[in-house]
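In mature numbering (1 follows the signal peptide of the UniProt record, and there is no 0), the protein residues as written are -20 to -1, 1 to 654. The beta-carbon is built from N, C-alpha and C at its ideal position, and this holds for glycine as well.
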Amino acid sequence: MKRQIIAAAGLAGLAFGAQADPVSIESFAKEPNISSLSMSDDGTYMVGLIATPGDDNETLSLASWELPDTIDTSKPLVPTRITPPNNKMRFAAIQALPGDKVFVVGRQAWTGQTFCTEGGGFGATKTFVTKFYVGSKDLDDLDEGIAGLGTERLRDKQLEQCRDINNTTGISNTLPLEEDNVIVTYNNIASGETEYYRVNMRTNSKTFLYNGSGRQDISFTDPRNGRILVRQGLEPAGGGDQRVETYMLNEETGAMEREEPLDYLISNRYQMDVAGYDEASGRYYMITDKFSDKAAVYFYDPKTNQFSNEPVFAHPDFSATGVVLGTDKENWNEPLGFRYAAATIETYWLDPERRSIQEGLEQAFPGQMIEIIDGAKDGNRILFSTEASDQPPAYYMLLNKNKVVMIGDSRPWIDESDIGTTELIYYPARDGLSIPGLLSLPDSYNKDTDGRIPTIILPHGGPWARDYAGWDISGWVPFLTSRGYAVLQPQYRGSTGFGRELWFAGDKEWGQAMQDDKDDGAQYLVDQGIADPDKLAIFGYSYGGFAAFAATVRENSPYQCAISGAGVSNLSLFNRLWSSNRVQRALQGNTLAGMDPSKNTAKANIPILVYHGDRDVRVPIEEGRGFYNAVKGRVNAKFVEIKDMPHSLPWWPDHHRQSLKAIDDWLKSDNCFG
């Protein structure tokens, strides 16, 4: 069922008992038809990724669209140029840049001996490397260095290898008021310093601005001209702790001066982010949770060294995440809105025109999340996307504020009536703490008539992270709900984004109170009459994989089976890795303690599937294989090694095929719900 541009009425769903066939593995595994769209500031061209023609959605190609002065809304927009990937590098993202240029991200498998990549050391390392390229809007001449930076010959071959397999250039400031100029950072491998240049993207001319290395890092530059406004640094604070110090530019003297009210100990984990600069008053928009459980936006005045008495923006239930400031000459630096993290990222618009556009699109696409991606400076072309938990992203253009043309649907072969929707809920933990959770139920499920159903508890990775209720790019949630499973994603203690109380409650509680929160979520769904207590499973990836290991060895497990993807099993090993870095040790290392699954394998009491990629350097495959070998004689267990799979997305289609098939087969087997 393809989505219509303007929906007049919803279609009635199937009764749960007569649900359609599950959405196929291939539907989630193959690459989307279209993704990563971006439009130039002048609205004359657009770039994106499309499924490579003739390749059956196995790879993605770069695509460029010339946008004429008048767009015929009755005809589809067709790319004017397509560049396929090569045999080694696959494209992962693309973005339009000033000067009729594009920024491209590529990724490839790499094997070799190196000390300058994650997981590098003695012997050959199997990993993935990510590369940045810049080229013309016609997708010609994709070069690794921006304006030739990072392409010089080096005497040391090892340094050259480090330069070649790491990204050395990036864009730190797009300078919206300057037509073709951007600020480029260059990580000089030879000197170990970070250099900043103003680069004209049209002519490739570059001017050295300043060196970013030193005791304080550059944390905020002026969007008007790129000058340094804010620096941050770390100083020893005793007891192994570090103090974060912030320095701001004194406009009168030109000196960077320390702002002591912004200081905090890294162990206190305050958020203290510069979100913008108000030119008229010289004050800064600061997002901080120093004064409340949830992060809010305050003004900070470096002239008086004071925060505003009240927040500029605060949401009663969710943390603020950003400030939207005008970037055009007509509205430059005006506050247009504030972003906050609810079930999805939402925007509270101050600007009446932006609010009107948002509300109009929400009425045209009811129940969907609207994301404004890019807008032409004259305001007559707005590139946006829609998505929902049951609807993959689709891309549209709003013309002259009154006409919508569809550009493309990422996965038109998926019928949203086969997939359940997601809602944010709260449930009580056994100690009384309120735990947020994202609950996804199969389409047309009715508790009163359908009763209890098999349920998956799906904790996120991190653990300092959180889930959102939009389309799940991993495919796991819609994959499971289309098969009739209820899915709960508990935002257990230790999760970020829901306040300091929930976050700090997870300290030193790995496998303990953090794990109780997952079990309490399962019990909550049983008490609500949704979950079948005899058909409960836990499935997680990375830290979520740790949670699956922990569930396997905890006594009185509520689950019939577990699935661990790329999971951490040995807390001692993980703690040693973190303790090698003084900052990480002070920030997070001291919070990593609790029940170590690798030391409790003799208590394994439920079947477990373990799968792991052989190119995972974030959590080495030995973590999963070691746990499997320790429990396979005690419980039914299976280990699946996935060839060429790294730890993090984006994964290739075959990675998805192998992992989703393993998950599906395990859940349907006698080890789980068979």
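Coil, strand or helix - residue i by DSSP
i	result
P373	strand
R143	helix
E215	strand
T226	strand
W456	helix
I337	helix
Q492	coil
W646	helix
A485	coil
Y406	strand
A517	strand
Q93	coil
G524	helix
A9	helix
Q568	coil
M(-20)	With a pLDDT of 33 at M(-20), under the threshold of 50, the modelled position of that residue is not reliable, and the figure given next carries that caveat. M(-20) falls in the coil class under three-state DSSP.
A299	It should be noted that the sequence gives Ser, not Ala, for residue 299. In this structure, S299 counts as strand in the three-state DSSP scheme.
D197	strand
L640	helix
L378	strand
Host beta strand (DSSP E) of residue i (start-end)
i	result
S44	40 to 46
I543	541 to 545
T268	263 to 268
Y25	25 to 31
E367	361 to 368
E351	349 to 355
K111	105 to 116
K383	383 to 389
G256	252 to 258
R598	That residue, R598, is in no beta strand (DSSP E); it is neither H nor E in DSSP.
Distance between residue j and residue i (C-alpha atoms, nearest Å)
i	j	result
L(-10)	E175	Only weak support exists for where L(-10) lies, its pLDDT of 26 falling under 50; the coordinates are left without a value.
C652	G613	18 angstroms
M69	P282	47 angstroms
E290	S272	11 angstroms
D221	L189	33 angstroms
S16	G28	5 angstroms
A(-14)	N67	In this prediction, A(-14) has a pLDDT of 29, which is less than 50 and means its spatial position is unreliable; what the coordinates show is noted afterwards. Rounded to the nearest angstrom, the two C-alpha atoms are 42 angstroms apart.
N580	L413	27 angstroms
D398	Y278	44 angstroms
I198	R263	18 angstroms
F112	I246	32 angstroms
S171	Q138	14 angstroms
A43	E11	15 angstroms
Q338	P373	17 angstroms
N550	A542	17 angstroms
K106	V597	8 angstroms
Y425	Q348	20 angstroms
Q469	V548	19 angstroms
N313	E158	15 angstroms
A89	S454	20 angstroms
Y504	D644	25 angstroms
D21	K381	17 angstroms
I155	I352	Rather than Ile, the amino acid found at residue 155 in this sequence is Leu. Rounded to whole angstroms, L155 to I352 spans 20 angstroms at the Cα level.
Y320	I62	37 angstroms
For residue i: DSSP bridge partner residues
i	result
P470	G417
E621	H592
T165	G150, Y176
Y504	Paired residues: none, contrary to the question.
T435	A466, L516
D221	G218
L305	P315
F279	Y265
D123	V114
Start and end residues, alpha helix (DSSP H) containing residue i
i	result
N180	From DSSP, N180 is part of no alpha helix (DSSP H) but of the beta strand (DSSP E) over 173 to 180.
I601	601 to 611
K186	It is not in any alpha helix (DSSP H) - K186 instead sits in the beta strand (DSSP E) that spans 186 to 191.
D430	427 to 430
Cβ contact check for the segment 514 to 533 and the segment 602 to 619: 3 or more pairs under 8 angstroms = yes
task = Count the C-beta pairs between the segment 156 to 174 and the segment 72 to 88 that are closer than 8 angstroms, then say yes if the count reaches three, no if not.
result = yes
task = Could you say if the segment 30 to 42 and the segment 420 to 429 meet the contact criterion of at least three C-beta pairs nearer than 8 angstroms?
result = no
ask   = If we count Cβ pairs, one from each stretch, closer than 8 angstroms, do we get three or more for the segment 578 to 587 versus the segment 81 to 100?
value = no
request  = May I ask you to verify whether the segment 171 to 187 touches the segment 219 to 238, counting CB pairs closer than 8 angstroms and requiring at least 3?
outcome  = no
query = For the 8 angstroms Cβ check, are there 3 or more pairs between the segment 320 to 330 and the segment 288 to 303?
reply = yes
message = Below 8 angstroms, how does it come out for the segment 479 to 492 and the segment 501 to 515: are there three or more Cβ pairs, yes or no?
response = no
inquiry  = Within 8 angstroms, do at least three Cβ pairs link the segment 433 to 449 to the segment 508 to 527?
reply    = yes
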